[in-house]
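**Q** Order-wise, the sequence lines are chains A and B. Be aware that the first sequence starts at 75, since it is given in the working numbering, and climbs by one per residue. Be aware that the second sequence starts at 2, since it is given in the working numbering, and climbs by one per residue. Next up is a structure, given as structure tokens.
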Amino acid sequence: METFRLSENMNKIQILVFSGLLFAIALILSLVESFFPIMPIAVPGVKIGLSNIAVMYAIFFLGARQAYAIAILKALFVFFTRGFIASTLSLSGGLLSVTGMILMLFLLKEKVSYSGISVVGAVSHNIGQFLVVSLIYVGVSIWAYLPVLLITGVIAGLLTATLLRILLPALKRLV
Amino acid sequence: MNFVKKYDIIIISFILAVSLVFWMTYEVFFADQSPKAEIYYYSELVKTVDLGQGIEKNFSIEENPNVVFHLFEDGSICFEESDCPHKLCIKAGKQYWPGQFAACLPNGIILKIVPGENSDRDVDIVIGN
Numbered sequence: 075m076e077t078f079r080l081s082e083n084m085n086k087i088q089i090l091v092f093s094g095l096l097f098a099i100a101l102i103l104s105l106v107e108s109f110f111p112i113m114p115i116a117v118p119g120v121k122i123g124l125s126n127i128a129v130m131y132a133i134f135f136l137g138a139r140q141a142y143a144i145a146i147l148k149a150l151f152v153f154f155t156r157g158f159i160a161s162t163l164s165l166s167g168g169l170l171s172v173t174g175m176i177l178m179l180f181l182l183k184e185k186v187s188y189s190g191i192s193v194v195g196a197v198s199h200n201i202g203q204f205l206v207v208s209l210i211y212v213g214v215s216i217w218a219y220l221p222v223l224l225i226t227g228v229i230a231g232l233l234t235a236t237l238l239r240i241l242l243p244a245l246k247r248l249v
Numbered sequence: 002m003n004f005v006k007k008y009d010i011i012i013i014s015f016i017l018a019v020s021l022v023f024w025m026t027y028e029v030f031f032a033d034q035s036p037k038a039e040i041y042y043y044s045e046l047v048k049t050v051d052l053g054q055g056i057e058k059n060f061s062i063e064e065n066p067n068v069v070f071h072l073f074e075d076g077s078i079c080f081e082e083s084d085c086p087h088k089l090c091i092k093a094g095k096q097y098w099p100g101q102f103a104a105c106l107p108n109g110i111i112l113k114i115v116p117g118e119n120s121d122r123d124v125d126i127v128i129g130n
């Protein structure tokens, strides 16, 4: 798995610009995703999470700080456009997702591929959101829903990893 | 650059195993019994039907014999006949999942599905007379 640090060959401004670009890509991807027709299996809370592609790219090629920055900025953007609850969900999911992926990369390094990291990212994103939802809806038994979120997280993670792999050549030309 | 490495499979199977454990735990300890159907006449509960009986029958409530319900073998229930003008209650179709409901407003009748065990996880519906 390639995880060469682009940031080593960049000065601060280049890193800043590139992070900003990835943030913009993340926003566009989630906008594009919202245009998709509702999936045949109508399960609330389940989506592909295309913007995870940009976040993963940041983790692999820029660094942890940039990835966290994108997650936080994205939550801020959601706060302005969709309000507090949606923003809290985005933040909890985003932060846990980035943390999970960085841990995987740090612990397993070359032993794991994009697919594994992406799956961990998607699943921990779902777990982060689930924790916040369980704080909001106290007393409602939503625990039965966790397996659904875990399994769909695995599927979504595999999908975004595949897409990242397809997009990598194009993204390389960006630099 | 392999598409899938050994640890990927370990991670994925671990996640799937965890969700399976959660699922089984839920099924064994918390799963609802078969749901019940409650029939209200002007917001008063007049009949409760256990949907897990596995029998097929027509029945109606004493308050209004013109409205006939049909209980299916698979545990769903519907309005079969009614003397109301638009038959919206019949068009609402089969109800099965807790939270679903059908109403015949001209006759003041509500059919709603509630979880089998006692809980407040169902819809509140009120019809005034």
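No residue lacks a Cβ here, since even glycine has one placed at the ideal position from N, Cα and C. As the structure is a computational prediction, the values presented were derived from the model and not from experiment.
#1: From the DSSP secondary-structure annotation, give me the bridge partner or partners of I78/B.
#2: Note down the Cα distance separating V22/B from S192/A, rounded to an integer number of angstroms.
#3: Determine the closest residue to V91/A out of F110/A, I144/A, N126/A, with distance taken between C-alpha atoms.
#4: Need the endpoints of the beta strand (DSSP E) that N59/B sits in, please.
#5: How many angstroms separate the CA atom of G167/A from the CA atom of N200/A?
#6: Helix, strand or coil for F102/B per DSSP?
#7: With distances taken from CA atoms, which of L238/A, L205/A, I210/A is nearest L224/A?
#8: From what residue to what residue does the alpha helix (DSSP H) around I146/A run?
#9: So S164/A contacts chain B; which residues on that side make the cut at Cβ distance below 9 Å?
#10: Chain A beta carbons: is any one of them nearer than 8 Å to that of W98/B?
#11: Should V115/B be flagged as near chain A, meaning a C-beta pair shorter than 8 Å?
#12: What span of residues does the alpha helix (DSSP H) with K7/B cover, start to end?
#13: Distance cutoff 8 Å, beta carbons only. Does I225/A sit that close to anything in chain B?
**A** Let me lay it out:
#1: Beta-bridge partners assigned by DSSP to I78/B: L72/B, Q96/B.
#2: Their Cα atoms are separated by approximately 22 Å.
#3: Per the Cα distances, I144/A.
#4: Note, N59/B: beta strand (DSSP E), 58-62.
#5: Using only the alpha carbons, I get a separation of about 6 Å.
#6: F102/B: strand per DSSP, three-state reduction.
#7: Here the closest residue by C-alpha is L205/A.
#8: Annotation: the continuous alpha helix (DSSP H) that includes I146/A extends over 138-156.
#9: From the beta-carbon of S164/A, no residue of chain B is found nearer than 9 Å; the closest lies around 22 Å away.
#10: It does not: the Cβ of W98/B has no partner Cβ on chain A nearer than 8 Å.
#11: Not an interface residue.
#12: Element bounds for K7/B: 7-26.
#13: Taking a beta-carbon distance threshold of 8 Å, I225/A counts as an interface residue toward chain B.
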